[in-house]
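Written out below as structure tokens is the structure these notes cover.
There are 2 protein chains.
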Amino acid sequence: MTSDVPPKRSRAENVYQALRDAILEQNLKPGTKLSEDVIAGEFKVSRTSVRAALQQLRGDGLVDHQANRGAFVAEPSAENARDIFSLRRMLESEVIRRLAGNLKPDDVKRLRKHVEQEERARPVNGPLSIRLAGEFHILLAELTGSQVLTRFVSETVSRSSLILARFARLHSSECAVDEHVRIIAALQAGDASTAEALMLHHLESVAVRADLRAPNSDGDTAAILKRYARALPT
Amino acid sequence: MTSDVPPKRSRAENVYQALRDAILEQNLKPGTKLSEDVIAGEFKVSRTSVRAALQQLRGDGLVDHQANRGAFVAEPSAENARDIFSLRRMLESEVIRRLAGNLKPDDVKRLRKHVEQEERARPVNGPLSIRLAGEFHILLAELTGSQVLTRFVSETVSRSSLILARFARLHSSECAVDEHVRIIAALQAGDASTAEALMLHHLESVAVRADLRAPNSDGDTAAILKRYARALPT
DNA sequence: CATACAATGATTGTGTACAATAATGTACAC
DNA sequence: GTGTACATTATTGTACACAATCATTGTATG
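The listed protein sequences correspond, in order, to chains A and B. If you use numbering that gives the first Met the number 0, the first sequence closes out at 233, no skipped numbers anywhere. If you use numbering that gives the first Met the number 0, the second sequence closes out at 233, no skipped numbers anywhere.
Written out as structure tokens, the structure reads:
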């Protein structure tokens, strides 16, 4: 954790991380086409590595892969969004229940450190702030020690980011930092029900921010153009 | 669902399906090395396609991938096993709650059909029977209409199969078919609490079958050899 | 003028060759 | 005889080239 030898990740892994970050920071927006050639050129690697990265992203549900047509940043439907938020409530409630009163001093330290990062990033770096907000929830899951729970939380949180990119009115971070702080406090105090209530409230405020009736940008090019078609002579 | 045009899956997809089936039918046991060359030769495809398939399996958690060393059928640890069973209880309870009283006639038909398949396979084909038992649970999840829930159930069920391959005493199917039947009945009757109790009992009987203290074969070569090392002169 | 069809272009799917890395076998020194 | 260092071998990681497939555009025809 301190200063290991350079991990020497494979090229595919590097590309994967970069693309994932870009998506989670909402710099690559839902629906964007991810051309293998373009990415390979940009990263100075072969298409082989890019394909591997894209496949991994597909496994995470961040990318949709259409046969012979290519990869696109996933566009969660409104129904899918409701689905994911529902699952998030279930999963993260479980996280809270497992954590309440069981946080080790080291855990608290990690959480505080992360929140500090969030506070530092908030005024300066919008995209980074968005990603860090999501990673707070993933960190909580990690502290349960359950690999599988972590994996599932990670997946739903990541896809929430996509949902907000598509449906949120203001292009804002997903979470309020002070709510994170309060959750930590309740967990530390061992107050399970308060912590769970806080988390559910927190998630609710995220879900509310999404207006599932109106996709932000290209919810189909066709749907957008309908508004302009009226201006044309019939 | 009846007779679509030939789906024309890609080669990577074909290899993926075949390997996945083999693992879920416990013909490829945990710890088995999955050599790219060997698989490529067997399926008469290039290593490229095999690599793609292996990566997808890694995404499912069925395969562990060690850098520059290759892919191996995953060997869930005892801790991991407890973790997964715990999550399964949570996820499948949710499935039951969502389904109780909401089964459409078509859904019931599909469930019955599946159970029939199970009954046919049981005396004849052990491995197939194992796989079908797992797929019953996945089918239940599908009927909720929640893609994400289905995905998570699918993953935990699949890994349960690995766990049983590693820890179960008798090389047996995971589920008793008649318990499946009773769950369907309770769901159809809209009796949520009975259905949930049945499911939890059902999952419990699966978990019990695993003796988490004694891995079946190679739970680390090292761990095994410790018992023999004592025989050597110090 | 709308529709169906065919050629074209671009992009992905696949196979093969090479480079890098880790595991294994062997020889040598102590 | 034992342990270490080196050479060998096998396997994965990567790049590149070709084949297959699909979308689009242009053209002909009703």
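Note that beta-carbon positions come from the ideal geometry of N, C-alpha and C, so glycine has one too. A quick note: this is a predicted structure, and the numbers were derived from the prediction, not measured.
Residue i versus the options, residue with shortest Cα-Cα distance
{"i": "B/Ile22", "options": "B/Ser92, B/Val37, B/Asp36 and B/Leu56", "result": "B/Leu56"}
{"i": "A/Asn67", "options": "A/Ser48, A/Glu41, A/Ala77 and A/Ser34", "result": "A/Ser34"}
{"i": "B/Lys112", "options": "B/Ile183, B/Arg158 and B/Thr31", "result": "B/Ile183"}
{"i": "B/Ser92", "options": "B/Pro214, B/Ser204 and B/Ala196", "result": "B/Ala196"}
{"i": "A/Leu90", "options": "A/Leu61, A/Phe42, A/Val114 and A/Thr143", "result": "A/Thr143"}
{"i": "A/Asp36", "options": "A/Gln25, A/Arg50 and A/Phe135", "result": "A/Arg50"}
{"i": "A/Ala194", "options": "A/Arg181, A/Ala206, A/Glu203 and A/Ser204", "result": "A/Arg181"}
{"i": "A/Thr149", "options": "A/Leu161, A/Leu186 and A/Leu98", "result": "A/Leu98"}
{"i": "A/Leu161", "options": "A/Glu118, A/Arg121, A/Pro122 and A/Ala209", "result": "A/Ala209"}
{"i": "B/Ser9", "options": "A/His64, A/Ala167, A/Ile137 and A/Gln116", "result": "A/His64"}
{"i": "A/Ser192", "options": "A/Arg96, A/Val123 and A/Ala39", "result": "A/Arg96"}
{"i": "B/Glu117", "options": "B/Ala132, B/Asp105 and B/Lys103", "result": "B/Ala132"}
{"i": "B/Pro122", "options": "B/Val176, B/Gln54 and B/Val156", "result": "B/Val176"}
{"i": "A/Ser138", "options": "A/Ala39, A/Ser153 and A/Gln16", "result": "For the sequence presented, residue 138 of chain A should be read as Leu rather than Ser. With distances taken between Cα atoms, A/Leu138 lies closest to A/Ser153."}
{"i": "A/Val207", "options": "A/Val147, A/Asp20, A/Cys174 and A/Pro75", "result": "A/Cys174"}
{"i": "B/Arg87", "options": "A/Phe151, A/Leu199, A/Leu202 and A/Asn26", "result": "A/Phe151"}
{"i": "B/His201", "options": "B/Glu78, B/Asn26, B/Glu178 and B/Leu211", "result": "B/Glu178"}
{"i": "A/Arg212", "options": "A/Glu115, A/Leu163 and A/Asn13", "result": "A/Leu163"}
{"i": "A/Val237", "options": "A/Asp190, A/Gly189, A/Pro75 and A/Ala167", "result": "Outside the shown range of chain A (0 to 233) lies residue 237 of chain A, about which nothing can therefore be said."}
{"i": "B/Gly58", "options": "B/Phe135, B/Thr155 and B/Ile38", "result": "B/Thr155"}
{"i": "A/His136", "options": "A/Ile38, A/Asn124, A/Val14 and A/Ser159", "result": "A/Ser159"}
{"i": "A/Asp190", "options": "A/Glu134, A/Asn101, A/Arg119 and A/Glu115", "result": "A/Asn101"}
{"i": "B/Ser76", "options": "B/Pro29, B/Gln16 and B/Ser128", "result": "B/Pro29"}
{"i": "B/Glu78", "options": "A/Val147, A/Glu203 and A/Leu199", "result": "A/Val147"}
{"i": "B/Gln54", "options": "A/Met198, A/Glu115, A/Ala120 and A/Tyr15", "result": "A/Tyr15"}
{"i": "B/Asp20", "options": "B/Met198, B/Glu203 and B/Ser128", "result": "B/Ser128"}
Rounded Cβ spacing between residue i and residue j (contact assumed at less than 8 Å)
{"i": "B/Gly31", "j": "B/Phe71", "result": "In the sequence as presented, Gly is not what sits at residue 31 of chain B; that position holds Thr. With a Cβ gap of about 7 Å, B/Thr31 and B/Phe71 count as contacting."}
{"i": "A/Ala11", "j": "A/Ala52", "result": "5 Å"}
{"i": "B/Arg165", "j": "B/Pro214", "result": "5 Å"}
{"i": "B/Arg130", "j": "B/Glu24", "result": "5 Å"}
{"i": "A/Gln187", "j": "A/Val107", "result": "6 Å"}
{"i": "A/Leu27", "j": "A/Ser157", "result": "Rounded, the Cβ-Cβ distance is 13 Å, inconsistent with contact."}
### Query
Given 8 Å as the limit, is there contact between the segment 132 to 150 of chain A and the segment 36 to 47 of chain A, that is, 3 or more CB pairs closer than that?
Not touching, per the Cβ criterion.
### Message
Measuring CB atoms only, is the segment 102 to 116 of chain A touching the segment 75 to 82 of chain A, in the sense that at least three cross pairs come out at less than 8 Å?
### Response
Taking 8 Å as the limit for Cβ pairs, the verdict is that the segment 75 to 82 of chain A does not touch the segment 102 to 116 of chain A.
#### Entry: Residues of the segment 155 to 170 of chain B with Cβ closer than 9 Å to any Cβ of chain A, in chain order
The segment 155 to 170 of chain B vs chain A, Cβ under 9 Å: Thr155 and Arg158.
#### Entry: Residues within the segment 123 to 155 of chain A neighbouring chain B, beta-carbon criterion of under 9 Å
Those residues of the segment 123 to 155 of chain A that come within reach of chain B (Cβ to Cβ, closer than 9 Å) are Gly144, Ser145, Gln146, Val147, Leu148, Arg150, Phe151, Glu154 and Thr155.
### Task
Closer than 8 Å, Cβ to Cβ, to anything on chain A: give me those residues from the segment 73 to 96 of chain B, in chain order.
Of all residues in the segment 73 to 96 of chain B, those with a C-beta nearer than 8 Å to a C-beta of chain A are Asn79, Asp82, Ile83, Ser85, Leu86, Met89 and Glu93, reading in chain order.
### Task
Name, going along the chain, the residues of the segment 30 to 61 of chain B whose beta-carbon falls closer than 9 Å to a beta-carbon of chain A.
Correct list: Thr47, Arg50, Ala51, Gln54, Gln55, Arg57, Gly58, Asp59 and Gly60.
### Task
Mind listing, in chain order, the continuous beta strand (DSSP E) runs of no fewer than 3 residues lying wholly within the segment 50 to 85 of chain A?
Listed in chain order, the complete beta strand (DSSP E) runs (minimum 3 residues) inside the segment 50 to 85 of chain A are 62 to 65 and 69 to 72.
### Task
Could you name the residues of the segment 184 to 203 of chain A whose beta carbon sits closer than 8 Å to any beta carbon of chain B, in the order they occur along the chain?
So nothing in the stretch comes that close.
### Message
Under 7 Å, CB to CB, which of the residues in the segment 11 to 32 of chain A have a partner in chain B?
### Response
So nothing in the stretch comes that close.
### Contained alpha helix (DSSP H) runs [length at least 4] in the segment 84 to 131 of chain B, N- to C-terminal order
DSSP assignment within the segment 84 to 131 of chain B yields the following whole alpha helix (DSSP H) runs of 4 residues or more, N-terminal first: 104 to 123.
### Query
What are the complete alpha helix (DSSP H) segments, minimum 4 residues, inside the segment 20 to 51 of chain A?
The segment 20 to 51 of chain A contains, as complete alpha helix (DSSP H) runs of 4+ residues, the segments 35 to 42 (chain order).
### Message
Give the list of continuous alpha helix (DSSP H) stretches no shorter than 4 residues that lie fully inside the segment 127 to 201 of chain B.
### Response
List check, alpha helix (DSSP H) in window: 146 to 166 and 176 to 188.
### Query
Closer than 9 Å, Cβ to any Cβ of chain B: which residues of the segment 106 to 123 of chain A, in chain order?
Hits within the stretch: zero.
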